[in-house]
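Just add 230 to wherever you are in the sequence shown, counting from 1, and you've got our numbering.
Here is the structure we will look at, set down as structure tokens.
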Amino acid sequence: MSCSMTMQRRRDGPTAAPCRSPSRHQSPMAPSNKRMSSRWLIMVGVAVLILSDCSTLDPVVRRRMEQASAILAGSDQRFAPTVYRLLERGVDSAFLWAAFHHPNTTFLPQMLRINVVGFLRRVDYSPNWSDASITACRAFMDSTRELLQKAERTYGVPAEIITAILWVETKFGKFTGTHHVWSVYASLATADEPDNIAANQQTYRDTIADPQRRAYLDSLVEVRSRRKAAWALSQLETLARLAKDSSFDVLSLTGSWAGAFGLPQFIPSSYTQWARDGNGDGRVDLFDPADAIASVANYLRANGWSERREQQEAALFHYNNSRDYVECIFAVAERLAQR
């Protein structure tokens, strides 16, 4: 496929870039009222268990609260809503004990802010297509030429697009993130707790004078909080499943503030769906360039990449739901195609 024929940059103006959540991985709907009620149960239930015989509680609810209390004994109680909900979803209690007592597990309140209200701050992608950036990208293409050519033949995605994504995401692995992935999601899963919603709403209230604008943002943040919490729980479930059958230690995994990891910055659910073994060693390691290249190409093809520009845009939006990001990838790829 000719890169020059498929990478004409859109001229409609960029819009503010929402934070990456997996935007690249469509956000789930807000949880049901029944699921939402569990947060109240866990906050008051442990106290009820201590102060009474709990004879009036549903046996299943009582058992889950007892399990949650045992799992978090000696650990950070701010994780209580997360533990209860994961037990509710059937995640193994022994794994949860190991996860919440792992030496790297810590509550990260800043992840609540970045993931929920980070969309209010626009990302500047322009340094990614500077002369120095393009020089670095061409050096990467030269060193991985066979891998890129193989991916292009197999998946139909231009080498320039794959290179652009790996550059923008992590500078070819130089910056893959230092946040403990389990902690990111375990903390974010509490985003819909009332105190956490209020704290996020407070971050912008002092700077916005218009009461209608504040009310709009308050409503938006509440919806985003619920969606992000549900999304984080789904990623924790995926990590729990990966812990059983993957070749890496999920509880030692580090990544971005969005819980994305490896050169291409996949989140756990994307890893299970689209990551591929690019060097034939029987493992899928997104910190390895061969696997990262194959995985990016497979991701885009699986999400609609074709020779049509609109399909290419749709695939990139699935990777990162940001107009600025999509424009950046095309801009880098176009410059790389001008050798």
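Here a beta-carbon is modelled for each residue, glycine too, at the ideal position from N, C-alpha and C.
Model, not experiment: these values are computed from the prediction.
(request) Could you pull out every residue in the same chain whose Cβ sits closer than 6 angstroms to the Cβ of residue 419, ignoring the five residues on either side in sequence? (result) Taking the sequence shown and counting its residues from 1, the one referred to as residue 419 is at position 189. 312, 459, 462, 463, listed in sequence order.
(request) Identify, in the order they occur along the chain, each residue of the same chain with its Cβ nearer than 8 angstroms to the Cβ of residue 507, setting aside the five sequence neighbours on each side. (result) Locating residue 507 in the sequence shown gives position 277, where the first residue counts as 1. Only residues of its own chain outside the window of five on either side were considered, and among them 513, 514, 521, 524 have a CB closer than 8 angstroms to the CB of residue 507, listed in chain order.
(message) Counting C-beta neighbours from all protein chains within 10 Å, is the total for residue 300 16 or more, i.e. buried, or is it exposed?
(response) The residue you call residue 300 lines up with position 70 of the sequence shown. With fewer than 16 neighbouring CB atoms inside 10 Å of its own CB, residue 300 falls in the exposed class.
(request) Please say whether residue 415 and residue 489 have beta carbons closer to each other than 8 angstroms? (result) Within the sequence shown, the letter at position 259 stands for residue 489. Within the sequence shown, the letter at position 185 stands for residue 415. A contact, by the Cβ cut-off of 8 angstroms.
(request) Express the C-alpha separation of residue 302 and residue 326 in angstroms, rounding to a whole number. (result) Reading the sequence shown from its first residue, position 96 is the one you call residue 326. Reading the sequence shown from its first residue, position 72 is the one you call residue 302. Distance between the alpha carbons of residue 326 and residue 302: 9 angstroms.
(request) Please classify residue 410: does DSSP put it in a helix, a strand, or coil? (result) On the sequence shown, position 180 is the one that residue 410 refers to. Strand.
(request) In angstroms with no decimal places, state the Cα-to-Cα distance between residue 308 and residue 332. (result) Within the sequence shown, the letter at position 78 stands for residue 308. Within the sequence shown, the letter at position 102 stands for residue 332. If I take the Cα positions, the gap works out to 15 angstroms.
(message) Taking the straight line between their C-alpha atoms, what separation do you get for residue 426 and residue 442?
(response) As a first step, residue 426 must be located in the sequence shown, where it is residue number 196. As a first step, residue 442 must be located in the sequence shown, where it is residue number 212. One C-alpha to the other measures close to 22 angstroms.
(message) DSSP has residue 485 in a bridge; who is on the other side?
(response) One-based indexing of the sequence shown puts residue 485 at position 255. 409, per the DSSP bridge assignment.
(request) Indicate the three-state DSSP secondary structure (helix, strand or coil) for residue 496 in the structure shown. (result) Stepping through the sequence shown from its first residue, residue 496 is reached at position 266. Residue 496 falls in the strand class under three-state DSSP.
(request) Express the C-alpha separation of residue 364 and residue 569 in angstroms, rounding to a whole number. (result) Position 339 of the sequence shown, counted from the first residue, corresponds to residue 569. Position 134 of the sequence shown, counted from the first residue, corresponds to residue 364. If I take the Cα positions, the gap works out to 10 angstroms.
(request) Determine, using beta carbons only, whether residue 516 and residue 501 come nearer to each other than 8 angstroms. (result) One-based indexing of the sequence shown puts residue 516 at position 286. One-based indexing of the sequence shown puts residue 501 at position 271. When the beta-carbon positions are compared, residue 516 and residue 501 come within less than 8 angstroms of each other.
(request) Please name the residue in 450, 296, 306 whose C-alpha comes closest to that of residue 336. (result) In the sequence shown, the residue the question calls residue 336 occupies position 106. Out of 450, 296, 306, 306 has the C-alpha closest to the C-alpha of residue 336.
(request) May I ask you to report which of helix, strand or coil DSSP gives residue 491? (result) Residue 491 sits at position 261 when you count from the first residue of the sequence shown. Here DSSP, grouped into helix, strand and coil, assigns residue 491 to strand.
(request) Verify whether the separation of the beta carbon atoms of residue 390 and residue 563 is less than 8 angstroms. (result) To locate residue 390, count along the sequence shown from 1; it is residue 160. To locate residue 563, count along the sequence shown from 1; it is residue 333. Yes, these two residues count as a Cβ contact at 8 angstroms.
(message) My output table needs one value for residue 535: the three-state DSSP class, helix, strand or coil.
(response) Start at 1 with the first residue of the sequence shown, and residue 535 comes out as number 305. DSSP places residue 535 outside both helix and strand once states are collapsed to three, so it counts as coil.
(request) Identify whether residue 404 lies in helix, strand or coil by the three-state DSSP scheme. (result) Working through the sequence shown from its first residue, we reach residue 404 at position 174. Shown here, residue 404 sits in coil according to DSSP, grouped into three states, outside any helix or strand.
(message) Suppose you measure from the CA of residue 545 to the CA of residue 290; what does that come to, to the nearest Å?
(response) Translated into positions along the sequence shown, residue 545 becomes position 315. Translated into positions along the sequence shown, residue 290 becomes position 60. Between the alpha carbons of residue 545 and residue 290 lies a gap of roughly 43 angstroms.
(request) List the endpoints of the continuous alpha helix (DSSP H) containing residue 297. (result) Residue 297 sits at position 67 when you count from the first residue of the sequence shown. According to the DSSP assignment, residue 297 belongs to the alpha helix (DSSP H) that extends over 289-301.
(message) Please list the terminal residues of the continuous alpha helix (DSSP H) segment that includes residue 327.
(response) As a position in the sequence shown, residue 327 is number 97, starting the count at 1. It spans 323-330 - the alpha helix (DSSP H) in which residue 327 sits, taken as one unbroken run.
(request) Let me know the secondary structure DSSP gives residue 553 once reduced to three states. (result) The count along the sequence shown starts at 1 and reaches residue 553 at position 323. Looking at residue 553 - three-state DSSP - the assignment turns out to be helix.
(message) If you reduce the DSSP assignment to three classes, tell me which class residue 333 lands in.
(response) Here the question's residue 333 lines up with position 103 in the sequence shown. If DSSP states are grouped into helix, strand and coil, residue 333 belongs with coil.
(message) Just to confirm before moving on: does the CB-CB distance between residue 494 and residue 399 stay below 8 angstroms?
(response) Mapped onto the sequence shown, residue 494 falls at position 264. Mapped onto the sequence shown, residue 399 falls at position 169. Yes; because the gap between Cβ atoms is below 8 angstroms, this pair is in contact.
(request) Please list, in chain order, all residues of the same chain as residue 467 whose beta carbon is under 8 angstroms from its beta carbon, the five residues on each side excluded. (result) Locating residue 467 in the sequence shown gives position 237, where the first residue counts as 1. For residue 467, where only same-chain residues beyond five positions count, the Cβ hits under 8 angstroms are 316, 319, 321.
(request) Just the C-alpha distance for residue 406 and residue 396, rounded to the nearest angstrom, thanks. (result) In the sequence shown, counting from the first residue as 1, residue 406 sits at position 176. In the sequence shown, counting from the first residue as 1, residue 396 sits at position 166. Rounded to whole angstroms, residue 406 to residue 396 spans 10 angstroms at the Cα level.
(message) Please state whether the Cβ-Cβ distance between residue 384 and residue 527 is less than 8 angstroms.
(response) The residue labelled residue 384 in the question sits at position 154 within the sequence shown. The residue labelled residue 527 in the question sits at position 297 within the sequence shown. Between residue 384 and residue 527, the CB-CB gap stays under 8 angstroms.
(message) Would residue 448 and residue 432 be called neighbours here (beta carbons separated by less than 8 angstroms)?
(response) The residue given as residue 448 occupies position 218 in the sequence shown. The residue given as residue 432 occupies position 202 in the sequence shown. At least 8 angstroms separates the beta-carbon of residue 448 from that of residue 432.
(message) So, under 8 angstroms CB-CB, residue 444 and residue 457 are touching, yes? Tell me the CB distance rounded to an integer number of Å.
(response) As a position in the sequence shown, residue 444 is number 214, starting the count at 1. As a position in the sequence shown, residue 457 is number 227, starting the count at 1. 20 angstroms between Cβ atoms; not a contact.
(request) Report the option in 533, 293, 388 whose CA atom is closest to the CA atom of residue 551. (result) Taking the sequence shown and counting its residues from 1, the one referred to as residue 551 is at position 321. Residue 533 holds the alpha-carbon nearest to the alpha-carbon of residue 551 among 533, 293, 388.
(request) Go ahead and pull the three-state DSSP assignment for residue 392. (result) Within the sequence shown, numbered from 1, the residue matching residue 392 stands at position 162. Here residue 392 sits in helix by DSSP.
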